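**Q**
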Amino acid sequence: MQVLTTIAAVRAARAAFPALGLVPTMGFLHAGHMSLVARARVECGAAAVSIFVNPTQFAADEDLSRYPRDMPRDLAMLEAAGVDLVFAPDPAEVYPPGYASRIEVGPVAEPLEGARRPGHFAGVATVVAKLFNIVQPTRAYFGQKDAQQVAVIRRMARDLDMPLDVVVGATVREPDGLAMSSRNVYLSPAERAAAPVLYRALDGARALFARGERDAEALRRHMRAAIATEPAVEVDYVSVADGASLREVERAGAGCLVSLAARLGRTRLIDNVVLG
Ligand code: PAF
1 MQVLTTIAAV
11 RAARAAFPAL
21 GLVPTMGFLH
31 AGHMSLVARA
41 RVECGAAAVS
51 IFVNPTQFAA
61 DEDLSRYPRD
71 MPRDLAMLEA
81 AGVDLVFAPD
91 PAEVYPPGYA
101 SRIEVGPVAE
111 PLEGARRPGH
121 FAGVATVVAK
131 LFNIVQPTRA
141 YFGQKDAQQV
151 AVIRRMARDL
161 DMPLDVVVGA
171 TVREPDGLAM
181 SSRNVYLSPA
191 ERAAAPVLYR
201 ALDGARALFA
211 RGERDAEALR
221 RHMRAAIATE
231 PAVEVDYVSV
241 ADGASLREVE
251 RAGAGCLVSL
261 AARLGRTRLI
271 DNVVLG
């Protein structure tokens, strides 16, 4: 496994792979990332992973400085998984002095996370575009847990004619339903015990839909009531949105994205399911 920190070294190494799957990450890897890595290897014959905690997607009041990092552990996991290439640059390699450009993706980046985290998706889109240009993957792999991120990256890749496939892997969950996330490490034991209510709320909405409920507000009400059973969990938003535009709907239908964000102490978690 080659561990590279410069753009020039990645460009030189890339030529050896006829096809290459890229899994962009911010490190502190978990089973969700590793499922994407396994898929990249099978589908492309070779896998690259980027590890970069991207400062431009964090607002000033967010968790950039305390974002969990463990490079030795990450590298050991990637080596064991048979990864070919790791790109782990310093911020100055990605954003050298004078760096000024950024990519705004438009309406799909505006609701939900975009409304609560101004500038977040411009930061994500810009760094992902840079990673695509640097690594030049055949396919790039992202997790469904960050559903809006996937929608933003798909839009960007289509709009800017980026020559690669954006592939989405299913959310990997703990046995009690909690979606795997690097941020789960922040949870206190009491918060960790309360956190599965998020998936129970989503799953309950999905079950209501399966039983014929089509009133989107009834699904939102169900999720708010489910989460209210855990006083340690504070709802940020619950949403039933059109799967393409991510705008709220009145009538729920197959393909709608049911999503939520909630705070447990200082930790903010997101999760979603797709109806039908
Ligand atoms: O999902 C993430 O970990 C990040 O948003 C990404 C895609 C690696 C960009 O920094």
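Its first residue numbered 1, the sequence shown is counted upward by one per residue in the numbering used here. In this text, a Cβ means the ideal position worked out from N, Cα and C, and glycines have one as well. Please read all numbers here as calculations on a predicted model, not as lab measurements.
#1: Under 8 Å: do the region 185 to 192 and the region 261 to 268 share three or more Cβ pairs, one atom per stretch?
#2: Return yes when the C-beta of V10 is under 7 Å from any heavy atom of the ligand PAF, and no when it is not.
#3: Express the C-alpha separation of V3 and Y99 in angstroms, rounding to a whole number.
#4: Assuming M156 and I227 are in contact, meaning their beta carbons sit under 8 Å apart, how far apart are those beta carbons, in whole angstroms?
#5: Check whether the Cβ of P24 sits closer than 7 Å to any heavy atom of the ligand PAF, and report yes or no.
#6: Relative to the ligand PAF, is the shortest distance from any of its heavy atoms to the C-beta of V249 smaller than 7 Å?
#7: For the ligand PAF, is there a heavy atom less than 7 Å away from the beta-carbon of V128?
#8: According to DSSP, is N133 helix, strand or coil?
#9: What's the C-alpha gap between V105 and T126?
#10: Quick one: does the C-beta of R149 sit closer than 7 Å to a heavy atom of the ligand PAF?
#11: Can you tell which of A205, A122, C256 has the C-alpha that lies nearest to the C-alpha of G243?
#12: Let me know if S259 comes out buried or exposed under the rule of 16 or more other beta-carbons within 10 Å of its beta-carbon.
#13: By alpha-carbon positions, which one of R154, R117, A225, A122 ends up nearest to D63?
#14: Hey, how far is the Cα of R73 from the Cα of G32?
#15: Find the nearest neighbour of Q144 within the set Y67, N272, R14, H30, judged by alpha-carbon distance.
#16: With a threshold of 16 other CB atoms inside 10 Å of the CB of R69, please say whether the residue is buried or exposed.
#17: Going by the DSSP bridge assignment, what does R173 pair with across the sheet?
#18: Measuring CB atoms only, is the region 70 to 89 touching the region 38 to 47, in the sense that at least three cross pairs come out at less than 8 Å?
#19: When you compare the region 129 to 144 with the region 212 to 231, are there three or more beta-carbon pairs, one atom per stretch, that lie closer than 8 Å?
#20: Tell whether a beta-carbon distance below 8 Å holds between L164 and F132.
#21: Look at the Cβ atom of V86, then the Cβ atom of I51, and state whether they are nearer than 8 Å.
#22: Would you mind giving the Cβ-Cβ distance between E250 and A218, rounded to the nearest angstrom? I have them listed as a contact below 8 Å.
#23: At a cut-off of 7 Å, is N133 close to the ligand PAF when judged by its beta-carbon and the heavy atoms of the ligand?
#24: Taking just the CA atoms, how far does D146 sit from L198?
**A** Result, derived from the coordinates:
#1: yes
#2: Position 10 of the sequence shown, counted from the first residue, corresponds to residue 10. V10: no, Cβ never under 7 Å from the ligand PAF.
#3: Taking the first residue of the sequence shown as 1, we reach residue 99 at position 99. Taking the first residue of the sequence shown as 1, we reach residue 3 at position 3. When rounded, the distance between both Cα atoms is 25 Å.
#4: Position 156 of the sequence shown, counted from the first residue, corresponds to residue 156. Position 227 of the sequence shown, counted from the first residue, corresponds to residue 227. At roughly 32 Å, the Cβ-Cβ gap does not stay under 8 Å, so M156 and I227 are not in contact.
#5: Mapped onto the sequence shown, residue 24 falls at position 24. It does: the Cβ of P24 is within 7 Å (strictly closer) of some heavy atom of the ligand PAF.
#6: Start at 1 with the first residue of the sequence shown, and residue 249 comes out as number 249. No, Cβ of V249 sits at least 7 Å from all heavy atoms of the ligand PAF.
#7: As a position in the sequence shown, residue 128 is number 128, starting the count at 1. Answer for V128: yes, Cβ within range of the ligand PAF.
#8: One-based indexing of the sequence shown puts residue 133 at position 133. Looking at N133 - three-state DSSP - the assignment turns out to be helix.
#9: As a working note, residue 105 is residue 105 in the sequence shown. As a working note, residue 126 is residue 126 in the sequence shown. Each residue's Cα considered, the two are about 10 Å apart.
#10: Counted from its first residue, the sequence shown places residue 149 at position 149. Residue 149 is actually Gln in this sequence, not Arg. True, at least one ligand heavy atom lies under 7 Å from that Cβ.
#11: For the purposes of this step, residue 243 is taken as the residue at position 243 of the sequence shown. It is C256.
#12: By one-based count along the sequence shown, residue 259 stands at place 259. S259 is buried by the Cβ-count criterion.
#13: On the sequence shown, residue 63 is found 63 positions in, with the first residue counted as 1. The shortest C-alpha separation from D63 is found at R117.
#14: Translated into positions along the sequence shown, residue 73 becomes position 73. Translated into positions along the sequence shown, residue 32 becomes position 32. Their Cα atoms are separated by approximately 15 Å.
#15: The residue you call residue 144 lines up with position 144 of the sequence shown. Cα-wise, what sits closest to Q144 is N272.
#16: Looking up residue 69 in the sequence shown gives position 69. Classification for R69: exposed.
#17: Counting from one through the sequence shown, the residue named residue 173 turns up at place 173. In DSSP, R173 forms a bridge with A179.
#18: yes
#19: no
#20: Looking up residue 164 in the sequence shown gives position 164. Looking up residue 132 in the sequence shown gives position 132. Yes. Within cutoff.
#21: Taking the sequence shown and counting its residues from 1, one reaches residue 86 at position 86. Taking the sequence shown and counting its residues from 1, one reaches residue 51 at position 51. Cβ atoms of V86 and I51: closer than 8 Å.
#22: Numbered from 1 along the sequence shown, position 250 holds the residue referred to as residue 250. Numbered from 1 along the sequence shown, position 218 holds the residue referred to as residue 218. Not confirmed; about 11 Å, so no contact.
#23: Indexing the sequence shown from 1 puts residue 133 at position 133. The answer is no for N133.
#24: Taking the sequence shown and counting its residues from 1, one reaches residue 198 at position 198. Taking the sequence shown and counting its residues from 1, one reaches residue 146 at position 146. Straight-line Cα distance between these residues: approximately 15 Å.
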